[in-house]
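Count the sequence shown with this note's numbering and you get residues 95 to 541, in order.
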Amino acid sequence: MSGGYEVDQVSREELLARARRVLDGNYTGEFTKPSLGQYPHQWNWDSAFIAIGLRHVDAKRARQEVRTLLKGQWRSGMVPHILYHEGTSNYFPTPEFWRLDDEAVPLGIATSGLTQPPLLATAVRLLIESETDDAEGMSFAAEVYPKLLAWHRWLHTSRDPDGSGLVAIIHPWEAGTDNSPRFSESLAALGDVSPPAYARADLSLVDEGERPLGYDYDRFMHLIGVYREMRWDDQAIGEKAPFMVQDVFFNSILYRANDDLRELGRRLGEDTAEIEGWLEAGTRGFRERLWNEQDGLFYDFDLRAGRQLQEATAMTLSPLFAGVADEREAGRLVRDNLLQPKHYWPGHSSRFLLPSTAKSSQHFEPRRYWRGPVWLSLNWLILRGLERYGQREAAGALRSHSLELAARTGFVEYYDPRDGTACGAPGFSWSAALVLDLLLDEEDDEA
Ligand code: 9WN
95 MSGGYEVDQV SREELLARAR RVLDGNYTGE FTKPSLGQYP HQWNWDSAFI AIGLRHVDAK
155 RARQEVRTLL KGQWRSGMVP HILYHEGTSN YFPTPEFWRL DDEAVPLGIA TSGLTQPPLL
215 ATAVRLLIES ETDDAEGMSF AAEVYPKLLA WHRWLHTSRD PDGSGLVAII HPWEAGTDNS
275 PRFSESLAAL GDVSPPAYAR ADLSLVDEGE RPLGYDYDRF MHLIGVYREM RWDDQAIGEK
335 APFMVQDVFF NSILYRANDD LRELGRRLGE DTAEIEGWLE AGTRGFRERL WNEQDGLFYD
395 FDLRAGRQLQ EATAMTLSPL FAGVADEREA GRLVRDNLLQ PKHYWPGHSS RFLLPSTAKS
455 SQHFEPRRYW RGPVWLSLNW LILRGLERYG QREAAGALRS HSLELAARTG FVEYYDPRDG
515 TACGAPGFSW SAALVLDLLL DEEDDEA
């Protein structure tokens, strides 16, 4: 295998075996829990990452992961962010906390009321492309295509209140990067909040210094309370949600997923004009609303405040994954940001790629969740993006740092960028799955 992965003590075979053990240990027979203690349900984008890794070793289980997630799809097309297949656990929020109307949700499966980054169509395309049996792959594509299309259509209608071609999230959890400082201003704008009564469960398993602050949790719960009052009605939410952010990260993943969905549609002989329209509008939206020429960065746009949220986080690099940045924008993102030790590159107090918030930001905290730690999901997305733009060296560095962290520290939820210390939940599924992808992807290509 090419790619130059070398970590002393741990052989490649041993690392593969360890990754498979994590994924097998977290498997319920129907889906894979992100981590046994902290996250004992099915999460939306976790399952997409898990399928991306599993496709190399167990395509049948990868397809099952996708199918099980889609069982939770709402009548509206929305695919929720948590599916509580096994009912209540020690995880908070419990299924009851969402107070969902039985009309909206599928029969017999409790879900959350929010969605998450729509990576699933990308996972399905990758899965089909690595499938050895073409007929099997195409029949799976035909089965899930209408469901993926319905989800994307829901996003482009219910979540695009101003017709800008960009989709808005209504809660930081929808971006999957919960306490990222890019949401701080919008959360502060909520003023004094009145969350419904709640008790956090996360702090009993993970050190408080590695989790979001109480201030953020109050606002996360307050927003859920507001949407409960609106009975999770899309129209009411579109008109009155107090948090409406066109997030660069969410929109990048959606843009790429639209591109992948269009490709699936073409192969199935479907008319893909609607998807073309989303891509065209998305390209305009990124350029006109999210790009900041002065800073050379993509910033989120707060629809309620009517302005960009000018925070330097690594999610500004995600348009590379989408392929929506032009060469000039990509050059500025990489040269002036990623490669700069004062922002993201090793040196200046950090050793490992990729700090989730710029080290130069006043909000950088190396162990607090999405405020600085390295996440293998983010590393994977950005390195795949760099490959698209021919940035092989930077992609190679992200790849070898990711493998080194997994080999030295293990498959944990996130890592301190200064020294690779384990943070968050242990035995974390997407960390294991993405290491499988990094180790086995090139082999598939070479086969
Ligand atoms: C809330 C499961 C999920 C990930 C998210 C991550 C974290 C949940 C939490 O865990 O969020 O959805 O309780 O903190 O931020 O990206 O999908 O792994």
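Using N, Cα and C, we set each Cβ at its ideal position, and we do this for glycine too.
Flag this pair as touching only if the segment 269-284 and the segment 305-317 have three or more C-beta atom pairs under 8 angstroms; answer yes or no. The segment 269-284, when compared against the segment 305-317, does touch it at the 8 angstroms Cβ threshold.
Is DSSP giving P275 helix, strand or coil here? For this step, residue 275 is matched to residue 181 along the sequence shown. In the structure shown, P275 sits in a helix (DSSP, three-state: H, G or I).
Take A489 and list the residues in its own chain whose beta-carbon comes closer than 7 angstroms to its own, dropping the five residues that flank it on each side. Here residue 489 refers to the residue found at position 395 of the sequence shown. Beyond the five residues adjoining it in sequence on each side, A489 comes within less than 7 angstroms, by CB distance, of L477, L480 and E481 in the same chain, given in chain order.
Please tell me whether, using a cut-off of 7 angstroms, the distance from the CB of R316 to the nearest non-hydrogen atom of the ligand 9WN is below it. Sequence index remark: in the sequence shown, residue 316 carries index 222 (1-based). Before going further, note that residue 316 is His rather than Arg in the sequence given. H316 has its Cβ no nearer than 7 angstroms to any heavy atom of the ligand 9WN.
Using the Cα positions of H175 and S206, report the straight-line distance between them to the nearest angstrom. On the sequence shown, position 81 is the one that residue 175 refers to. On the sequence shown, position 112 is the one that residue 206 refers to. When rounded, the distance between both Cα atoms is 6 angstroms.
Contact between the segment 488-503 and the segment 327-345 (3+ Cβ pairs under 8 angstroms): No: the two stretches stay apart, fewer than three of their Cβ pairs being nearer than 8 angstroms.
Is D341 near the ligand 9WN, judged by its Cβ being under 7 angstroms from some heavy atom? By one-based count along the sequence shown, residue 341 stands at place 247. In this structure, the ligand 9WN has no non-hydrogen atom nearer than 7 angstroms to the beta-carbon of D341.
Measuring only the C-alpha atoms, how far is A406 from P212? The residue labelled residue 406 in the question sits at position 312 within the sequence shown. The residue labelled residue 212 in the question sits at position 118 within the sequence shown. Near 23 angstroms, if we compare the C-alpha coordinates of P212 and A406.
If contacts are defined as beta-carbon pairs under 8 angstroms, then K165 and P200 qualify, I think. What distance do you get, rounded to the angstrom? Working through the sequence shown from its first residue, we reach residue 165 at position 71. Working through the sequence shown from its first residue, we reach residue 200 at position 106. In this structure K165 is in contact with P200, their Cβ atoms being roughly 7 angstroms apart against a cut-off of 8 angstroms.
According to DSSP, which residues form a beta bridge with Q329? Along the sequence shown, one-based indexing puts residue 329 at 235. Beta-bridge pairing links Q329 to no other residue.
Verify whether the separation of the beta carbon atoms of V342 and L307 is less than 8 angstroms. Numbered from 1 along the sequence shown, position 248 holds the residue referred to as residue 342. Numbered from 1 along the sequence shown, position 213 holds the residue referred to as residue 307. No. Outside cutoff.
Would you tell me roughly how many angstroms separate the C-alpha atoms of G97 and D196, rounded to the nearest one? Against the sequence shown, residue 97 aligns to sequence position 3. Against the sequence shown, residue 196 aligns to sequence position 102. For G97, the predicted structure reports a pLDDT of 40, less than 50, and the residue's modelled location is therefore unreliable. The matter cannot be settled from this model.
Leaving out the 5 sequence neighbours to the left and right, which residues in its chain are closer than 8 angstroms to R445 when beta-carbon positions are compared? Here residue 445 refers to the residue found at position 351 when the sequence shown is read from its first residue. P511, R512, D513 and G514, listed in sequence order.
Among R401, P290 and H135, whose alpha-carbon lies nearest the alpha-carbon of Y321? Walking along the sequence shown from the start, residue 321 turns up at place 227. Closest option to Y321, Cα to Cα, is P290.
If we cut at 8 angstroms on Cβ distances, does E304 have a partner in chain D? Going by chain labels, chain D is absent from the structure shown, which holds only one protein chain.
Limits of the unbroken alpha helix (DSSP H) element including D310: Residue 310 sits at position 216 when you count from the first residue of the sequence shown. Per DSSP, D310 belongs to the alpha helix (DSSP H) from G308 to E323.
Compare the Cα-Cα distances from E387 to each of Q167, E364, E423 and H135 and report the closest residue. Sequence index remark: in the sequence shown, residue 387 carries index 293 (1-based). The alpha carbon of E387 has as its nearest neighbour, out of Q167, E364, E423 and H135, the alpha carbon of E423.
Relative to the ligand 9WN, is the shortest distance from any of its heavy atoms to the C-beta of W192 smaller than 7 angstroms? Residue mapping note: residue 192 aligns to position 98 of the sequence shown, counting from 1. No, Cβ of W192 sits at least 7 angstroms from all heavy atoms of the ligand 9WN.
Along the alpha helix (DSSP H) that carries L427, what are the first and last residues, could you check? Residue mapping note: residue 427 aligns to position 333 of the sequence shown, counting from 1. Counting along the chain, the alpha helix (DSSP H) containing L427 begins and ends at E421 to L427.
For W137, verify whether its CB is less than 7 angstroms away from any heavy atom of the ligand 9WN. As a working note, residue 137 is residue 43 in the sequence shown. Indeed, a heavy atom of the ligand 9WN lies less than 7 angstroms from the Cβ.
Can you tell me the Cα-Cα spacing of H150 and I144, whole angstroms? Residue 150 sits at position 56 when you count from the first residue of the sequence shown. Residue 144 sits at position 50 when you count from the first residue of the sequence shown. Between H150 and I144, the C-alpha separation is close to 11 angstroms.
According to DSSP, which residues form a beta bridge with G441? Residue 441 sits at position 347 when you count from the first residue of the sequence shown. DSSP lists S444 as partners of G441.
Using three-state DSSP, classify F343 as helix, strand or coil. The residue you call residue 343 lines up with position 249 of the sequence shown. Look at F343 here: in three-state DSSP terms it is helix.
Between I146 and A416, which are expected to be in contact by the criterion C-beta below 8 angstroms, what is the C-beta distance as a whole number of angstroms? Along the sequence shown, one-based indexing puts residue 146 at 52. Along the sequence shown, one-based indexing puts residue 416 at 322. At roughly 16 angstroms, the Cβ-Cβ gap does not stay under 8 angstroms, so I146 and A416 are not in contact.
Give me the Cα-Cα distance between L194 and V104, rounded to the nearest whole angstrom. Locating residue 194 in the sequence shown gives position 100, where the first residue counts as 1. Locating residue 104 in the sequence shown gives position 10, where the first residue counts as 1. So the alpha carbons of these two residues sit roughly 47 angstroms apart.
Along the chain, where does the alpha helix (DSSP H) that runs through R461 open and close? Within the sequence shown, the letter at position 367 stands for residue 461. Where R461 is concerned, there is no enclosing alpha helix (DSSP H), given that its DSSP letter is neither H nor E.
Close Cβ partners of P520 (< 6 angstroms) along its chain, the five nearest in sequence each way excluded: Looking up residue 520 in the sequence shown gives position 426. Cβ neighbours of P520 beyond the five flanking positions: V506.
Between W267 and the ligand 9WN, is the CB less than 7 angstroms from at least one heavy atom? The residue given as residue 267 occupies position 173 in the sequence shown. Yes, the ligand 9WN has a heavy atom inside 7 angstroms of this Cβ.
For H442, count neighbouring Cβ atoms within 10 angstroms of its own Cβ and tell me buried if that reaches 16, exposed if not. On the sequence shown, residue 442 is found 348 positions in, with the first residue counted as 1. The residue is exposed, with fewer than 16 neighbouring Cβ atoms inside 10 Å.
Any heavy atom of the ligand 9WN closer than 7 angstroms to the CB of Y121? One-based indexing of the sequence shown puts residue 121 at position 27. Shortest gap from the CB of Y121 to any heavy atom of the ligand 9WN: 7 angstroms or more.
Nearest-angstrom beta carbon gap, S274 and W464 [assumed within contact, 8 angstroms]: Residue mapping note: residue 464 aligns to position 370 of the sequence shown, counting from 1. Residue mapping note: residue 274 aligns to position 180 of the sequence shown, counting from 1. Correct: roughly 4 angstroms between the Cβ atoms.
With distance defined between alpha-carbon atoms, name the residue in G425, V339, L470 and A236 nearest to Y393. Here residue 393 refers to the residue found at position 299 when the sequence shown is read from its first residue. The residue with the shortest Cα to Cα distance from Y393 is V339.
Consult DSSP for G98 and reduce its assignment to one of helix, strand or coil. Position 4 of the sequence shown, counting from 1, holds the residue named residue 98. For G98, the predicted structure reports a pLDDT of 45, less than 50, and the residue's modelled location is therefore unreliable. The matter cannot be settled from this model.
Mind reading off the beta-carbon distance from E357 to R219? Whole number of angstroms is fine, and I expect it under 8 angstroms. Translated into the one-based positions of the sequence shown, residue 357 becomes position 263. Translated into the one-based positions of the sequence shown, residue 219 becomes position 125. Confirmed, about 6 angstroms.
DSSP three-state call for Q158: helix, strand or coil? Locating residue 158 in the sequence shown gives position 64, counting from the first residue. Helix, per DSSP.
Given that a residue counts as buried once 16 or more other Cβ atoms are within 10 Å of its Cβ, and exposed if not, what is L362? What you label residue 362 is simply residue 268 of the sequence shown in a count that begins at 1. L362 is exposed by the Cβ-count criterion.
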